[in-house]
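Encoded as structure tokens, the structure appears first; notes follow it.
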Amino acid sequence: MTYRLPPLVALRAFESACRHLSFKKAAEELHVTPAAISQQIKALESYLGIPLFRRLTRALELTEQGAAMLPKIREGFDCLAAAVETTRQSREDTLLKVTAPPSFATRWLVPRLPRFMSAYPELELRLASSRDTIDRRGETSVLEEELVDPREAVSAVAIRYGTGAYPGYHVERLFTPCYVPVCSPRLLAGEPPLARPRDLARHVLIHDETIDDEGKQPNWKEWFRLAGVSGVNSRRGPRFSNAVMAIQAALDGQGIALTLKPLVEAELEAGRLVVPFDVVVPSPYAYFMVMPESVAHRASVAAFREWLLAEARIEDERQGTPVAGP
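Mind the numbering: the sequence shown is residues 237 to 562 in the numbering used here, read in order.
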């Protein structure tokens, strides 16, 4: 069926002007000029061939024809809004955007995602990585743009590596990782020897600087202190701002990396990396799931939350830290 209708923008101008009985207030609501509203109303009146308003000196009144048309116009806009909202809600129930730190996304989350997608094939997952999901020096809040996209009906969740202080958001701790020394097994069998912690003084030390706050960053100095070793220059060796690069350097046999244990579990299990000494450095940060309160109840978010907390419990047991979640 073909509908002969005036432009929608003219009908919007009419409905707004009716509610306010003012072209100026209608213009403010629709973010246009009063002259634009006046032109739209005149175009609508010309299309219909009847006057819709009586323009008085300091007032605006609906004509009998305008008053008769208004209820159906409002009903029409209500129906349009309901149709759009129904579509948005349907989209929100199936579309899920997750933002995570690059190393965590690559080394921990992506390998586990097939289990989630197998359990929830109806969901459309969009995974993005961003260093904005790692707490910075002096920062305690989640950047709003990571969680809210006004252009799309998206349920947005962020995996955050930080302190957990994100006011105004729904926050749940996943697990607290620890830092361990890892290296290629070739280094254990080669020269110089790697039989005791002090032997690290003759090896290349690889630094993982995922945390850019030096005051909170676990480092080799702290590791040597916990290992009871003194007199070693702990600051020498290459530094990487991303754990993936530090881990790759260790895989290539370039030295021993002090890095997050959850990110190297697959390499440890496969024997591509080894932990030469059982001394760990606790992390000052934990991984948190962060989301706006407005999306916490959505089906897609609830499904991801339940699955991720279950995976985090397994990781917590490996790390030896208290179990989070219900």
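Glycine is no exception: its CB is placed at the ideal position from the N, C-alpha and C atoms. Since the structure is predicted, the reported quantities are computational estimates derived from the model, not experimental observations.
**OP:** Could you tell me if residue 335 is buried or exposed, where buried requires 16 or more neighbouring beta carbons within 10 angstroms of its beta carbon?
**Re:** Residue environment: residue 335 is assigned as buried (16 or more neighbouring CB atoms within 10 Å of its CB, all protein chains considered).
**OP:** Please name the residue in 255, 420, 545 whose C-alpha comes closest to that of residue 483.
**Re:** Measuring from the Cα of residue 483, the nearest candidate turns out to be 420.
**OP:** Might you give, ordered along the chain, the residues of its own chain that have their beta carbon closer than 7 angstroms to the beta carbon of residue 341, omitting 5 neighbours on each side?
**Re:** Taken in chain order, the residues that qualify are 363, 365.
**OP:** Please name the residue in 463, 476, 490 whose C-alpha comes closest to that of residue 516.
**Re:** Out of 463, 476, 490, 463 has the C-alpha closest to the C-alpha of residue 516.
**OP:** Please list, in chain order, all residues of the same chain as residue 445 whose beta carbon is under 7 angstroms from its beta carbon, the five residues on each side excluded.
**Re:** Cβ neighbours of residue 445 beyond the five flanking positions: 453, 475, 476, 477.
Subject >> Residue closest to residue 423, alpha-carbon to alpha-carbon, out of 409, 439, 523 >> reply: Here the closest residue by C-alpha is 439.
Original post:
Secondary structure at residue 370, three-state DSSP: helix, strand or coil?
Top reply: Of the three classes helix, strand and coil, the one that applies to residue 370 here is strand, per DSSP.
**OP:** Flag this pair as yes or no: are the beta carbons of residue 393 and residue 527 separated by less than 8 angstroms?
**Re:** Yes.
Original post:
Between the Cα of residue 489 and the Cα atoms of 499, 497, 509, which residue gives the shortest distance?
Top reply: Ranking 499, 497, 509 by Cα distance to residue 489 puts 509 first.
**OP:** Pull up the DSSP beta-bridge partners for residue 523, would you.
**Re:** Paired residues: 397, 411.
Original post:
What residue range is occupied by the uninterrupted alpha helix (DSSP H) comprising residue 278?
Top reply: Its alpha helix (DSSP H) spans residues 270-284.
Original post:
Grouping DSSP H, G and I as helix and E and B as strand, with all else coil, what is residue 354?
Top reply: Helix at residue 354.
Subject >> Integer-rounded CB distance, given that residue 548 should sit under 8 angstroms from residue 411 >> reply: Approximately 5 angstroms separates the beta-carbon atoms of residue 411 and residue 548; this is inside 8 angstroms, confirming the contact.
Subject >> Beta-carbon separation (whole angstroms), residue 288 vs residue 250, contact threshold 8 angstroms >> reply: Cβ atoms of residue 288 and residue 250 come within 8 angstroms of each other, at about 6 angstroms.
Original post:
Hey, would you say residue 343 sits closer than 8 angstroms to residue 480, going by beta carbons?
Top reply: Yes. Within cutoff.
Original post:
If you draw a straight line from the alpha carbon of residue 503 to that of residue 416, how long is it in whole angstroms?
Top reply: Counting only the Cα atoms, residue 416 lies some 13 angstroms from residue 503.
Original post:
Shortest alpha-carbon distance to residue 272 belongs to which of 283, 259, 282, 469?
Top reply: Of 283, 259, 282, 469, the residue nearest in Cα terms is 259.
Original post:
Under a three-way DSSP split, which group does residue 297 fall into?
Top reply: The DSSP-derived three-state label of residue 297 is strand.
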